[in-house]
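The next block holds one structure in the form of structure tokens; read it before the comments.
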Amino acid sequence: MAEDHDRIEELLAGYVLLGLSGEDAVEADRLLSEHVPSCPRCRDAMAGFQAVAGDLALAVSPAQPPDLVLPRIRRGVAESPVRRRRASLVAVAAGVAAIVGLAGLTVQLGDRVSRTEQQRGRLLAAMEALQQPGTSPVSLESQGQTATGLVEVSGPGLQRMYVIGRDVPMPSPGRVYQLWLGTNGTFVRVEDGGFVPEDGLVLLELTVDTGRYDEILVTEERIGDAPANPSHLGHTWHAFLAQPQAA
Amino acid sequence: MQGDDRLDLELHRRVSMGDGQAFEGLYRRYAPAAYGLALRVTGQDSLAQEVVHDAFLALWRAPEAYDPGRGPFRSFFLSLVHHRAVDTVRREERLRKRAERASNLERGPGEDVAEEVVEDAYLSTRRKEVREALQTLPPEQRTVIELAYFGGYTQAMIAEELGIPVGTVKTRTLAAMRKLRRALYRED
Chain B
120 MAEDHDRIEE LLAGYVLLGL SGEDAVEADR LLSEHVPSCP RCRDAMAGFQ AVAGDLALAV
180 SPAQPPDLVL PRIRRGVAES PVRRRRASLV AVAAGVAAIV GLAGLTVQLG DRVSRTEQQR
240 GRLLAAMEAL QQPGTSPVSL ESQGQTATGL VEVSGPGLQR MYVIGRDVPM PSPGRVYQLW
300 LGTNGTFVRV EDGGFVPEDG LVLLELTVDT GRYDEILVTE ERIGDAPANP SHLGHTWHAF
360 LAQPQAA
Chain W
54 MQGDDRLDLE LHRRVSMGDG QAFEGLYRRY APAAYGLALR VTGQDSLAQE VVHDAFLALW
114 RAPEAYDPGR GPFRSFFLSL VHHRAVDTVR REERLRKRAE RASNLERGPG EDVAEEVVED
174 AYLSTRRKEV REALQTLPPE QRTVIELAYF GGYTQAMIAE ELGIPVGTVK TRTLAAMRKL
234 RRALYRED
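Note that the protein sequences, when read in sequence, are chains B and W. Every letter in the first sequence is one number past the one before it in this note's numbering, and letter 67, counting from 1, is 186. Every letter in the second sequence is one number past the one before it in this note's numbering, and letter 53, counting from 1, is 106.
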């Protein structure tokens, strides 16, 4: 489809300012999924407008946050799974290679992942989880044009969910992927479930009890948004989760 | 790339490895800018605190959301703060009450707290450049930018507020964003 670039830039300018609504917002989402990633002119325009939007924040005078903000953030940091992952990885040693066979992931993935301790820790935690009774991987079905693999790992009593993937494309500019869990067709956004693949790899560990849900969904959402409902735009993955087993 | 951008990149890289000190380094650099923005957009201390809290924790929990190939960390993070702030005000349904404040960037005498805030020199310099760039815009273009960015107005709401067609809002927005881009990134 031939695209009117002035019209597109008009939409992109409104998009980065969060000013679009209705049909314009839908059209911008379509363009960001279908046209912008493959159009150098539009990619350049989008990058430029995003940079301007970031800098516009500086037009406002800075203000020192109240003293209680940083301690609250520190508590959040201390409670973050990142800390727990870092503390638990020592044990892993040569175990990365054992990931072979996990829903098509290969030793090569293990080698790539080993670049950071954090990722290695997540991978090993997922491996350990798979050894627990009742835990099984679930492959998410790609709804986009590119067939790529995402696997969810969870189990009864685990209170954790792992999402692992390779060759996962980058989301459209200005967006991140977001995890959702559903019951009877109603989805809730997974806190801390926003992610962007790194070199195509995804390794997430989330503190969530999937036993209460029967579906998992991954959508593209705008960076910084906290939407109440999935957008169903861009590249998405979906799977039905196994029914929880009785303890 | 400027040295300060490289410092941000290094701090972000360390945050990605779970380095808490680097995270607090980014907090010290960007908390005043983030809080000032959140305060302007939300209009309430408590909401602004929530925005800043949530934005920094989002950074800690998903540092990979920032892709260095897509521009400076500064732009990414302040955009994240902006998105959360606008999302907050829209949820609170308080948009219309902020029309006058949103359309007036300049604080009154004695209200400007910039002198009270310890801020990196490069941010102060960039802040001056951004304000100067905004001042070069024709008033009608500056107004639509300010209503959208600082007021959280959609283009349809701006059209209604100003009594002009939505198409005119779009045209002014694009013209303003192009001018701002040229003014702020002319070295590119």
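We put the CB at the ideal spot given by N, CA and C, even for glycine.
DSSP state of residue i mapped onto helix, strand, coil
i: B:Met289; result: coil
i: W:Val222; result: helix
i: B:Arg294; result: strand
i: B:Val337; result: strand
i: B:Ser302; result: The residue asked about is misnamed: residue 302 of chain B is Thr in this sequence, not Ser. Note: B:Thr302 maps to strand in three-state DSSP.
i: B:Pro346; result: coil
i: B:Phe314; result: strand
i: B:Ala358; result: strand
i: B:Val179; result: coil
i: B:Val257; result: strand
i: B:Val327; result: coil
i: W:Ile217; result: coil
i: W:Gly205; result: coil
i: B:Val271; result: The identity of residue 271 of chain B in the sequence shown is Glu, whereas the question assumes Val. Strand at B:Glu271.
i: B:Leu322; result: strand
i: B:Gly173; result: helix
i: B:Gly284; result: strand
i: B:Arg308; result: strand
i: B:Tyr332; result: coil
i: B:Glu198; result: coil
i: B:Gly167; result: helix
i: B:Cys158; result: coil
i: B:Arg205; result: Residue confidence for B:Arg205 is low, a pLDDT of 36 falling below 50, so the modelled location carries little weight; the figure read from the coordinates is stated next. Helix.
i: B:Leu150; result: helix
i: B:Ser140; result: coil
i: B:Gly133; result: helix
i: W:Met230; result: helix
i: W:Pro192; result: helix
i: W:Arg239; result: coil
i: B:Gln262; result: coil
i: W:Gly71; result: coil
i: W:Ala173; result: Rather than Ala, the amino acid found at residue 173 of chain W in this sequence is Asp. W:Asp173 falls in the coil class under three-state DSSP.
8 Å Cβ cut-off: residues of chain W touching residue i
i: B:Phe168; result: Met230, Arg234
i: B:Leu150; result: Residues of chain W passing the Cβ test: none, with the nearest at roughly 14 Å.
i: B:Val188; result: Ala84, Tyr88, Gln102, Val105, His106
i: B:Val196; result: Gly73, Phe76, Leu110, Trp113
Amino acids of chain B, ordered along the chain, whose beta-carbon sits closer than 7 Å to that of residue i
i: W:Asp120; result: Val315
i: W:Gly89; result: Val179, Ser180, Pro181, Ala182
i: W:Thr221; result: By Cβ distance, chain B contributes nothing, its closest Cβ being about 11 Å from W:Thr221, past 7 Å.
i: W:Arg93; result: Val179
Under 9 Å by beta carbon: chain W residues contacting residue i
i: B:Glu128; result: Leu227, Met230, Arg231
i: B:Pro185; result: Tyr88, Asp98, Gln102
Contacts that residue i makes with chain W (C-beta to C-beta distance below 7 Å)
i: B:Arg191; result: His106
i: B:Asp109; result: Residue 109 of chain B is absent from the model: chain B starts at 120 and stops at 366.
i: B:Val295; result: Ala118
i: B:Ser199; result: Trp113, Arg114
Assigned exposure category for residue i - 16 Cβ within 10 Å defines buried
i: W:Thr141; result: buried
i: B:Asp186; result: exposed
i: B:Val145; result: exposed
i: B:Phe359; result: exposed
i: W:Met70; result: exposed
i: W:Lys181; result: exposed
i: B:Pro346; result: exposed
i: W:Thr196; result: buried
i: B:Ala147; result: buried
i: W:Pro191; result: exposed
i: W:Gln102; result: buried
i: W:Gly124; result: buried
i: W:His65; result: buried
i: B:Pro159; result: exposed
i: B:Glu340; result: buried
i: B:Glu142; result: exposed
i: W:Gln208; result: buried
Contact set between residue i and chain B, taken where Cβ atoms lie within less than 8 Å
i: W:Pro125; result: Ala170, Gly173
i: W:Val139; result: Leu137
i: W:Thr176; result: One detail in the question is off: residue 176 of chain W reads as Leu in this sequence, not Thr. Residues of chain B passing the Cβ test: Leu177, Pro181.
Contacts of residue i in chain B (Cβ-Cβ under 9 Å)
i: W:Leu187; result: Leu175, Ala178
- prompt: Which residues, taken in chain order from the segment 303–326 of chain B, show a beta carbon closer than 7 Å to some beta carbon of chain W?
  reply: Cβ contacts with chain W: Asp311, Gly313, Phe314, Val315, Glu317.
**Q.** Short-range partners of chain B found in the segment 99–112 of chain W, where Cβ spacing is below 9 Å
**A.** Ala101, Gln102, Val105, His106, Asp107, Ala108, Phe109, Leu110, Ala111
If contact means a Cβ-Cβ distance below 8 Å, which residues of the segment 328–362 of chain B contact chain W?
-> Arg341, Ile342, Gly343, Asp344, Ala345
Which residues of the segment 206–218 of chain W have a Cβ closer than 9 Å to any Cβ of chain B? Give them in chain order. Tyr206, Thr207, Gln208, Ala209, Met210, Ile211
Against chain W, which members of the segment 129–148 of chain B pass a CB distance test of less than 9 Å?
Residues Glu129, Leu130, Leu131, Ala132, Gly133, Val135, Leu136, Leu137, Gly138, Leu139, Ser140, Gly141, Asp143, Ala144.
- Message: Please identify, using Cβ separations under 7 Å, the residues of the segment 56–68 of chain W that lie next to chain B, in order along the chain.
- Response: none
For the segment 89–125 of chain W, list the beta strand (DSSP E) runs that are entirely contained and at least 3 residues long, ordered along the chain. None, since the segment 89–125 of chain W contains no complete beta strand (DSSP E) of that length.
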